Structures are given as C-alpha cells and as structure tokens.
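Numbering (full-length UniProt numbering), first residue to last: 1 to 83. Every residue, glycine too, gets a C-beta built ideally from N, C-alpha and C. Predicted, not measured: the structure shown is a model, and the values here were computed from it.
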C-alpha cells in the first residue's frame, strides 16, 4: 500500500542519502526517488503531453502509466518528529 503522504525527491540532492533521511525525518514521511536522469524534465514532459491530449479526456494518471517506478530511499526515524 502506498502511504497517503510521501515525498518524491528529484535532482542532484536526491542522490544524497543524508539529505533524504533529513527530509523523511522532518516531514515524518517516506522519501522516494526515481532512477532517471533529468527526472524534473521528465515530469515537465508528462505535463506537456497531458496538455496536448486533454481534449481527448486522457488523465494525467494515464499519461504517466509508463513512468519509472519510484524507489523507496528513506523512511522516518522513530521519534525524530519530536526533536
């Protein structure tokens, strides 16, 4: 099951395990990354495609069905939200 709150980290900092752990602890949510170079550009491309096919009632969920599956990179440290 996918948690209701999760963080999807992209860009250069998404390769830094310590930064991902801090994000997870601060927001008390799991952090996921995508093993794709230029993932932010990929997201923009999906939005552009969605804009092109919007007249055909194609949802964004349908557009991104073939997107790479996010990988769990960090989980909250128990008690960290209390710090």
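Cβ separation of residue i and residue j, assumed to be a contact under 8 Å, to the nearest whole Å
{"i": "residue 32", "j": "residue 71", "result": "6 Å"}
{"i": "residue 20", "j": "residue 74", "result": "4 Å"}
For residue i: DSSP bridge partner residues
{"i": "residue 74", "result": "31"}
N- and C-terminal bounds of the beta strand (DSSP E) containing residue i
{"i": "residue 9", "result": "7-9"}
Start-to-end residues for the alpha helix (DSSP H) that takes in residue i
{"i": "residue 42", "result": "39-53"}
{"i": "residue 67", "result": "Unbroken run through residue 67: none, as it is neither H nor E."}
Candidates the options, of which the one nearest residue i by Cα
{"i": "residue 65", "options": "49, 15, 5 and 19", "result": "49"}
{"i": "residue 5", "options": "17, 23 and 16", "result": "23"}
task: Evaluate contact between the region 23-32 and the region 73-83, counting only Cβ atoms and requiring at least three cross-stretch pairs below 8 Å.
output: yes
message: I'd like to know if the region 8-16 and the region 34-52 are in contact, where contact means that at least 3 CB-CB pairs between them fall below 8 Å.
response: yes
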